[in-house]
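For the sequence shown, position 277 matches number 269 in our numbering, and the numbering has no gaps at all.
We put the beta carbon where it would ideally sit given N, CA and C, even for glycine.
Keep in mind that this is a model prediction, so the values were computed, not measured.
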Amino acid sequence: GENLWESFNNYDLLLLICGLTVPGHYVGGTPITPGEIAKIFRSNEKPLKILAGPVTLAYTMRGGSFAEILKNLEVDFLVRGDVEAFLESFFKGEPNENKRSDYNLIDEIAHLGAEIVKKHPKFPFIICEMELSKGCERSSYCSFCTEPVLHGRLKSRSVKGVLREMKELYREGCKAFRFGRTANIFAYGSDWNHRKPCPSVLEELFSEARKIAPDAIIHNDNANPSYMIEHRRETVKILETIVRYNTEGDILSFGVESFDEEVLKRNNIGSSPEDVLEAVKMVNEIGGVRVNGVPKILPGINLLYGLIGESPKTYRKNYEYLRKILDKGYLVRRINIRQVMIFPGTPLHRYYSMKRFKMNKSLFEKWKEKIREEIDSPMLKRVFPVGTILRRVIPEYKKGRMTFGRQLGTYPILVGFPGNFEKPVDVLVVNHGRRSITGIKYPASINSMTVEELEMIPGIGEKLSRKIILERPFKDWKDVEKALGPNLTNHLKDLGITL
């Protein structure tokens, strides 16, 4: 315990890179707190102390624990620029905390640090985020976004640089990658092409990545629906490329933020609800093909509350559009519903520093609940129907008789299954919660399943599972039918359960 806090005291330099710009719930670990930052710096007197990352933005945030604690931190350097640029200037003897760098520097050094992944407590069950770009391809920006504050206009990293880093990470044993740290995957490379998408650049990126890491998980991150519709022809090509090389279970996160036109306009979000529906349709048509019963790539939808111009009407509109998506039969892999984080330097921050913002918590919770119940729930059943096999689910924690785990990938679904497992396991989907799945270890045989596993299957309660165990072993399905009747027997067969 205590001595670990002090374990950095024999280093010359202690650098903390931390902070986030998007709120979220974390299963695999939790982001560092301001108190922990202070404790690490306090417990290690000797080294030179440097703090970097989005956490330094929050420095000037009004109110809230972050601003206060950070003000009283004893740090030697507070890096608001790019950390690699600062370090270079520091080692040259002219430290500059605000210095920015381009990708030339990153590409020279990124691959050299690959071996550090082995120090991750969960290695080799980790996913490496491959940075593709900084900034945003739009010429004007969303009110709440930190990307332009931090990075301005879109700057894409060279394919060569990305692949070189990926190759080293793969060599060190990393088996999962996400092409992330980009505001819009479809715009990657567009800054070299008069702001138009470059299908050939993405074809090179994905095909070469697949050669480097033939058995790795390759997933994606963000996409801008209005850009996709504006550049429909190129988008289709890029989507086809992605589907050719990616791993199933992938998501393109759409920064929809709101389906209320008033909110979209006042926050300069630059998309329309109809664009979003079109983009959802497009990804479904090209990415909906299933491998192992799991779709290759589906849209995810991000909604943001606390924006300028919001009214009770906004909540209703958001719900109605999600309902439309459901009723049209499209698949959406997940819906994120978040409250906006207000960062200094953004138009939203300026707006709220003039007038007090009060989030309507009860309205937020009411509609969130309605979306979870009426949209998420049926959607989950469509995306992962009963009988789907989820390969290599990694156990994360236990609760009673259940193990809970997730696959490696982008926003993996939480799966609960009975039994005690330490190593990755294949799981057969038998039932659905609201945002999680219940399964049993696969392959599953009626003659060897445990009581707990049998009880997981809808239609088999405690009584029936005892009966099955007493009457085992069954010689054939006729035997099973005698004990359980035709309906349940057929259901077990459909699930993929064997004798």
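Beta carbon proximity, residue i to chain C, threshold 7 angstroms
{"i": "I29", "result": "Of the chains in the structure shown, none is chain C; there is only one protein chain."}
Reduced DSSP secondary structure (H/G/I, E/B, other) of residue i
{"i": "N96", "result": "helix"}
{"i": "M506", "result": "Given that the chain is displayed from residue -7 to residue 491, the structure contains no residue 506 and the question cannot be resolved."}
{"i": "N214", "result": "strand"}
{"i": "V281", "result": "coil"}
{"i": "F246", "result": "strand"}
{"i": "R384", "result": "strand"}
{"i": "K497", "result": "Since the first residue shown for the chain is -7 and the last is 491, residue 497 is missing from the structure and cannot be characterised."}
{"i": "Y389", "result": "strand"}
{"i": "K147", "result": "strand"}
{"i": "L323", "result": "coil"}
{"i": "L70", "result": "strand"}
{"i": "N482", "result": "helix"}
{"i": "V14", "result": "coil"}
{"i": "F409", "result": "strand"}
{"i": "E473", "result": "helix"}
{"i": "V286", "result": "strand"}
{"i": "G27", "result": "helix"}
{"i": "M274", "result": "helix"}
{"i": "F33", "result": "helix"}
{"i": "I317", "result": "helix"}
{"i": "S264", "result": "coil"}
{"i": "V378", "result": "coil"}
{"i": "T233", "result": "helix"}
{"i": "T48", "result": "helix"}
{"i": "P113", "result": "coil"}
{"i": "P140", "result": "helix"}
{"i": "T22", "result": "coil"}
{"i": "Y133", "result": "coil"}
{"i": "T227", "result": "helix"}
{"i": "G401", "result": "coil"}
{"i": "L65", "result": "coil"}
{"i": "P336", "result": "coil"}
{"i": "P87", "result": "coil"}
{"i": "K152", "result": "helix"}
{"i": "E445", "result": "helix"}
Residues that DSSP places opposite residue i in a beta bridge
{"i": "Q331", "result": "Y297"}
{"i": "N423", "result": "T430"}
{"i": "S437", "result": "T490"}
{"i": "G292", "result": "S245 and R326"}
{"i": "L104", "result": "None, per the DSSP bridge assignment."}
{"i": "S(-1)", "result": "In DSSP, S(-1) forms no bridge with anything."}
{"i": "V417", "result": "V385"}
{"i": "K126", "result": "K147"}
Terminal residues of the beta strand (DSSP E) in which residue i lies
{"i": "K41", "result": "L40 to A44"}
{"i": "E76", "result": "That residue, E76, is in no beta strand (DSSP E); its alpha helix (DSSP H) goes V75 to F83."}
{"i": "E121", "result": "C120 to E123"}
Span of the alpha helix (DSSP H), counted from its first residue to its last, around residue i
{"i": "I9", "result": "First-last for I9: L5 to I9, but that is the beta strand (DSSP E), not the alpha helix (DSSP H)."}
{"i": "R458", "result": "E454 to E463"}
{"i": "G397", "result": "It is not in any alpha helix (DSSP H) - G397 instead sits in the beta strand (DSSP E) that spans M394 to R398."}
{"i": "P450", "result": "No alpha helix (DSSP H) holds P450; DSSP gives it neither H nor E."}
{"i": "M346", "result": "P339 to M346"}
{"i": "V255", "result": "E253 to R258"}
{"i": "L355", "result": "K353 to I363"}
(request) State whether the region 363 to 375 contacts the region 164 to 178, with contact taken as three or more CB pairs (one from each stretch) at a distance under 8 angstroms. (result) no
(message) As an exercise, report each continuous beta strand (DSSP E) stretch of at least 3 residues that is fully enclosed by the region 159 to 224, in chain order.
(response) 168 to 172 and 209 to 212
(message) With a threshold of 8 angstroms, are at least 3 pairs of Cβ atoms found where one atom belongs to the region 312 to 323 and the other to the region 339 to 355?
(response) no
(message) With a threshold of 8 angstroms, are at least 3 pairs of Cβ atoms found where one atom belongs to the region 214 to 224 and the other to the region 267 to 282?
(response) yes
(message) Taking contact to mean 3 or more Cβ pairs, one atom from each stretch, closer than 8 angstroms, check whether the region 290 to 300 and the region 242 to 252 are in contact.
(response) yes
(request) Flag this pair as touching only if the region 399 to 415 and the region 351 to 360 have three or more C-beta atom pairs under 8 angstroms; answer yes or no. (result) No: the two stretches stay apart, fewer than three of their Cβ pairs being nearer than 8 angstroms.
(message) Using a Cβ distance threshold of 8 angstroms, determine whether the region 117 to 135 contacts the region 77 to 89, with at least three qualifying pairs required.
(response) no
(request) Examine the Cβ distances between the region 323 to 331 and the region 447 to 464 and report whether three or more of them are shorter than 8 angstroms. (result) no
(message) With three or more C-beta pairs closer than 8 angstroms as the rule, is the region 363 to 370 touching the region 383 to 394?
(response) no
(message) Closer than 8 angstroms is the cut-off here; do at least three beta carbon pairs connect the region 299 to 312 with the region 249 to 259?
(response) yes
(request) Could you say if the region 230 to 242 and the region 391 to 405 meet the contact criterion of at least three C-beta pairs nearer than 8 angstroms? (result) yes
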